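Visitor: Submitted below is the structure of interest, expressed as structure tokens.
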Amino acid sequence: MVDTTSSLSERLAEAEQGERPLAEEVNRLAAAKDDAVARSDYTAVGELQPQLDASRQELAIAHATTEALRGALAAIAEQRAADQQQLNLQRQRDQARAQYEAAVLAEHDALDQTQRHMAAVRAGLDAVRQSIEAALDAERLAGDARFDAHQALVQLGEREPAHVGRPNAASAKIHNDPLLSAIWRYRP
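Per our numbering, residue 298 is the first one in the sequence shown, and the count goes up by one each step.
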């Protein structure tokens with residue numbers, strides 16, 4: 298790829314250098330013509346005027362070339378800046394799109410994790426509730442066995458008929474522990 302800017306910059310420098318001697322020549326001829334006018338040397342004025350006109354034309358062409366090259370360099374720089382801005386905007390859009398997609402994936406992953414954790418909580422609560430039920434069932438069985446043992450002793454005459462206290466280690470713990478009580482009362 299050709300570095301057009303460098304090439305144009307070099308041409309502009311050459312054009313500016315070429316314009317200087319032409320401007321000096323125009324100034325020299327204009328001063329000579331003014332001097333001839335001041336001396337009323339109209340023959341010299343007549344000879345100098347076409348030279349001055351030709352030099353001014355050459356200077357105008359050189360100046361137009363210099364200005365055109367400056368304009369071209371400015372237009373290229375402006376277009377380069379616009380291209381860079383467009384590229385930067387596209388990069389920002391691409392980064393934002395990638396961030397969006399990553400965030401959506403992270404959200405879905407987090408929601409999936411939430412569901413898995415809530416399922417684990419539910420399973421854990423169900424397991425705790427089942428353990429509470431099993432403890433209460435075992436406590437009832439212990440109470441029934443205690444009553445049967447007492448009745449057997451009554452039949453043997455070793456004890457008097459009386460009220461038999463039931464074991465309550467599990468039921469008392471559930472009643473006194475707010476968390477266990479809430480889990481026990483909870484019905485899905």
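For every residue, glycine included, the Cβ atom is placed at its ideal position computed from N, Cα and C.
Model, not experiment: these values are computed from the prediction.
Report the three-state DSSP secondary structure of residue 460 (helix, strand or coil).
Guide: Correct three-state label for residue 460: coil.
Visitor: Quick one, are the C-beta atoms of residue 365 and residue 305 less than 7 angstroms apart?
Guide: No, they are not a contact pair.
Visitor: Do residue 464 and residue 439 come within 7 angstroms of each other at the CB atom, strictly closer than that value?
Guide: For residue 439 and residue 464, yes; Cβs fall inside 7 angstroms.
Visitor: Determine the contact status of residue 316 and residue 359, defining contact as a CB-CB distance below 7 angstroms.
Guide: In contact: residue 316 and residue 359 (Cβ atoms closer than 7 angstroms).
Visitor: Thinking residue 345 and residue 326 are a contact (beta carbons under 8 angstroms), I'd like their distance in whole angstroms, please.
Guide: Sure, about 6 angstroms apart at Cβ, within 8 angstroms.
Visitor: Is it buried or exposed for residue 352, if we count other Cβ within 10 angstroms and need 16 for buried?
Guide: When all chains shown are included, residue 352 counts as buried.
Visitor: Can residue 461 and residue 447 be called in contact, C-beta distance under 7 angstroms?
Guide: For residue 461 and residue 447, yes; Cβs fall inside 7 angstroms.
Visitor: Which residues mark the beginning and the end of the alpha helix (DSSP H) in which residue 352 is found?
Guide: 339-452 is the extent of the alpha helix (DSSP H) around residue 352.
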